[in-house]
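Peer 1:
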Amino acid sequence: MVACDMIGKGASVRQVSRQLGVSEGALRYRLKKGVDPEGPDGRSGKPTVLDGYEGAVEAILERLECRRVTGEGRPVQARTVYEQLTRGYDYPGSYQAVVRHLRRRYGAPPVRAQRRVETPPGVQSQHDWFEATTRLAGQTTRLSALVGTLSHSRGRFVWVSREATQLAWHQGHVALFERFGGVPLWVRIDNLKTGVASGAGPTAVLNASYRVFARSLGFEIDPCRPGTGSDKGKAERSVRTFRDHFGDLFRQDWDELEALQAALDERADRLLDRLTCPVTGTSVREALEAERLVLRPLLELGELFDVLVSRRVSRDCLVSFEGRRYSVPFPWVGREVEVLGTLGHVVIRTGGVELARHPRRTRARLVIDPAHYEGDSTDQVLRPSPLGHRARLQLLGLSGPAGGESTVWLPPPERVRRPLDAYVELVEALR
3 MVACDMIGKG
13 ASVRQVSRQL
23 GVSEGALRYR
33 LKKGVDPEGP
43 DGRSGKPTVL
53 DGYEGAVEAI
63 LERLECRRVT
73 GEGRPVQART
83 VYEQLTRGYD
93 YPGSYQAVVR
103 HLRRRYGAPP
113 VRAQRRVETP
123 PGVQSQHDWF
133 EATTRLAGQT
143 TRLSALVGTL
153 SHSRGRFVWV
163 SREATQLAWH
173 QGHVALFERF
183 GGVPLWVRID
193 NLKTGVASGA
203 GPTAVLNASY
213 RVFARSLGFE
223 IDPCRPGTGS
233 DKGKAERSVR
243 TFRDHFGDLF
253 RQDWDELEAL
263 QAALDERADR
273 LLDRLTCPVT
283 GTSVREALEA
293 ERLVLRPLLE
303 LGELFDVLVS
313 RRVSRDCLVS
323 FEGRRYSVPF
333 PWVGREVEVL
343 GTLGHVVIRT
353 GGVELARHPR
363 RTRARLVIDP
373 AHYEGDSTDQ
383 VLRPSPLGHR
393 ARLQLLGLSG
403 PAGGESTVWL
413 PPPERVRRPL
423 DAYVELVEAL
433 R
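Okay, so the sequence shown: first residue is 3 according to this note's numbering, each after it adds one.
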């Protein structure tokens with residue numbers, strides 16, 4: 003046998019297995035048994051758990067119009083056959099036994115060729131998160147790193163964050179676009195919740211705030227098909243690249259996150275000269291410089307937001323948001339407004355015009371600006387009834403003596419209290 007002759011001449015089992023195209027374990031087994039690797043090894047004739055279920059398998063394949071029996075269409079997945087055998091025929095065996103039976107009975111299914119697509123310059127970038135652990139100020143910290151790759155030039159950059167929230171997702175996009183030197187027409191993403199509200203792929207329902215963010219910057223969102231890593235293969239490759247070429251940076255101790263980010267940017271810039279763009283044959287830096295000429299300019303954005311909802315203003319001039327109620331100028335009573343949650347504020351606006359701004363995530367559950375209740379009536383909304391004299395006094399912390407026209411200022415308690423030494427001095431002065 004060829005394997006024995008090669009091994010007899012000094013070749014290792016591993017070398018022989020690679021040249022023959024078989025696994026090392028299979029070759030060692032056959033050498034131990036003295037079995038010809040070209041022929042059966044004696045295990046193929048043993049009984050299996052599928053014995054007696056051949057007719058059931060055939061019936062399932064015919065009912066599903068599988069390519070294995072019809073000769074056309076697509077082959078049914080082995081998992082589907084296994085599930086129907088288990089439910090309808092009380093099959094007691096394993097899924098792998100079904101896989102082996104289908105291969106032995108019908109042969110390996112045909113392999114579908116994959117289409118390789120290279121987009122023109124400025125058309126697409128691919129973004130993806132990966133997690134990394136580093137030390138910040140002496141403490142082990144788990145970071146989220148957003149990797150962005152321009153599909154044409156292979157320009158790769160990374161932005162790190164302490165969290166992977168909706169706001170961080172938007173901030174990371176802006177940071178990557180700044181490093182790209184512009185905005186591509188499309189951004190391909192995975193079906194994560196900060197990008198996709200439900201579904202996946204072409205039929206996915208996009209996250210509302212991410213959709214508004216993309217519209218503001220002028221790019222389209224392209225979610226991948228579910229379970230298809232090849233749809234964003236360049237981003238997946240970039241993750242491996244950053245783990246290989248940047249791993250030493252994450253293993254260092256940093257005083258602050260900004261220092262780590264600066265080191266990552268410097269390493270990414272050097273990598274542009276070391277790697278070659280497969281499309282142009284030039285360095286990635288040269289291809290990136292050419293691609294930057296066709297990228298859209300990055301527009302100046304206002305505050306980034308991670309939540310965007312629509313709310314109707316109640317009659318008491320309030321809108322509900324994140325378990326709290328915020329005041330809005332009274333002319334907008336009964337109308338729909340947009341409520342945005344930014345890093346530190348709740349911004350209420352309509353048609354791009356800001357109506358109100360309040361601090362976000364306060365301990366107070368009711369946040370009111372008294373100025374929102376002042377002003378002139380409109381054709382649709384009458385202004386609230388003006389405050390009476392007593393109400394104004396109470397809001398100002400004043401009191402009006404009975405029968406008097408003047409008001410008495412009530413000082414705060416800390417101004418009423420006196421230290422004990424002051425009372426001692428008064429007593430001594432009165433003696």
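The beta-carbon is built from N, C-alpha and C at its ideal position, and this holds for glycine as well. If you're wondering where the values come from, they're calculated on a predicted model, not measured in any experiment.
Quick check on E67: does DSSP put it in helix, strand or coil?
Peer 2: DSSP places E67 in coil when its eight states are reduced to three.
Peer 1: By DSSP, does I350 sit in helix, in strand, or in coil?
Peer 2: Three-state result, I350: strand.
Peer 1: Output the boundary residues of the alpha helix (DSSP H) element that contains W171.
Peer 2: From DSSP, the alpha helix (DSSP H) with W171 extends over 168 to 182.
Peer 1: So what does DSSP say about G343, is it helix, strand or coil?
Peer 2: Three-state result, G343: strand.
Peer 1: Measuring straight from C-alpha to C-alpha, what distance separates E356 and G336?
Peer 2: Going from the Cα of E356 to the Cα of G336 covers about 17 Å.
Peer 1: Rounded to whole angstroms, what's the CA-CA distance from T194 to V330? Just pull it up for me.
Peer 2: At residue 194 the sequence reads Leu, which differs from the Thr that was named. So the two alpha carbons sit approximately 34 Å from each other.
Peer 1: For the region 123 to 134 and the region 180 to 190, state whether three or more C-beta atom pairs, one from each stretch, are separated by less than 8 Å.
Peer 2: Flag = yes, the region 123 to 134 and the region 180 to 190 touch.
Peer 1: Note down the Cα distance separating L395 from S316, rounded to an integer number of angstroms.
Peer 2: Cα to Cα, the separation comes out at about 27 Å.
Peer 1: Where does T380 land, buried or exposed, given buried means 16+ other C-beta within 10 angstroms?
Peer 2: T380 comes out exposed.
Peer 1: Considering only their Cβ atoms, is the gap separating A5 from L33 smaller than 8 Å?
Peer 2: Contact flag set, yes.
Peer 1: What are the boundary residues of the alpha helix (DSSP H) that includes S218?
Peer 2: Run containing S218: 210 to 219, per the alpha helix (DSSP H) assignment.
Peer 1: Where does S155 land, buried or exposed, given buried means 16+ other C-beta within 10 angstroms?
Peer 2: Buried, because 16 or more other Cβ atoms sit within 10 Å of the Cβ of S155.
Peer 1: So what's I223 in DSSP terms, helix, strand or just coil?
Peer 2: Three-state DSSP puts I223 in a strand.
Peer 1: For P361, which beta-bridge partners are listed by DSSP?
Peer 2: Answer is H347.
Peer 1: DSSP three-state call for R326: helix, strand or coil?
Peer 2: Three-state result, R326: strand.
Peer 1: Identify every residue that forms a DSSP beta bridge with W131.
Peer 2: Paired residues: L148.
Peer 1: Between T50 and S96, what straight-line distance do the alpha-carbon atoms span, to the nearest angstrom?
Peer 2: Spanning the two alpha carbons is a distance of roughly 11 Å.
Peer 1: Under the rule that 16 or more other beta-carbon atoms within 10 Å means buried, what is G197, buried or exposed?
Peer 2: Classification for G197: buried.
Peer 1: Taking the alpha helix (DSSP H) that S240 falls in, what are its first and last residues?
Peer 2: From DSSP, the alpha helix (DSSP H) with S240 extends over 235 to 252.
Peer 1: On the CB-based measure, 16 or more other CB atoms within 10 Å of its CB, does G346 come out buried or exposed?
Peer 2: When all chains shown are included, G346 counts as exposed.
Peer 1: If we count Cβ pairs, one from each stretch, closer than 8 Å, do we get three or more for the region 201 to 208 versus the region 225 to 234?
Peer 2: With a cut-off of 8 Å, the region 225 to 234 and the region 201 to 208 count as touching, because enough Cβ pairs lie within range.
Peer 1: Among S19, A393, V18, D308, whose alpha-carbon lies nearest the alpha-carbon of Q173?
Peer 2: Nearest of S19, A393, V18, D308 to Q173, Cα basis: D308.
Peer 1: Leaving out five residues before and five after E427 in sequence, what residues of the same chain have Cβ atoms less than 8 Å from its Cβ?
Peer 2: Excluding positions up to five away in sequence, the list is empty.
Peer 1: Going straight from the alpha carbon of R89 to that of R242, what length do you get?
Peer 2: Near 41 Å, if we compare the C-alpha coordinates of R242 and R89.
Peer 1: Need the endpoints of the beta strand (DSSP E) that P199 sits in, please.
Peer 2: Note that residue 199 is Ala in the sequence shown here, rather than Pro. From DSSP, the beta strand (DSSP E) with A199 extends over 198 to 200.
Peer 1: Secondary structure at I191, three-state DSSP: helix, strand or coil?
Peer 2: DSSP places I191 in strand when its eight states are reduced to three.
Peer 1: Beta carbon of T151, beta carbon of S218: below 8 Å?
Peer 2: Cβ distance not < 8 Å, so T151 and S218 don't count as in contact.
Peer 1: Just verifying my parser: in three-state terms, what is the DSSP assignment at T88?
Peer 2: The answer is helix: DSSP assigns T88 an H, G or I state.
Peer 1: How many whole angstroms separate the CB atoms of Y93 and Y55, which I take to be in contact at a CB cut-off of 8 Å?
Peer 2: That pair is a contact at about 6 Å.
Peer 1: Tell me whether the beta-carbon of L300 lies closer than 8 Å to the beta-carbon of E180.
Peer 2: Going by C-beta atoms, L300 is nearer than 8 Å to E180.
Peer 1: Report back the beta-carbon spacing between A80 and V101 to the nearest angstrom; my notes put them in contact at under 8 Å.
Peer 2: Right, the Cβ-Cβ distance comes to about 5 Å (below 8 Å), so this counts as a contact.
Peer 1: Quick check: the Cα distance between R69 and L52, rounded to an integer number of angstroms?
Peer 2: Cα to Cα, the separation comes out at about 20 Å.
Peer 1: Which of the three DSSP states, helix, strand or coil, is assigned to Q141?
Peer 2: In this structure, Q141 counts as strand in the three-state DSSP scheme.
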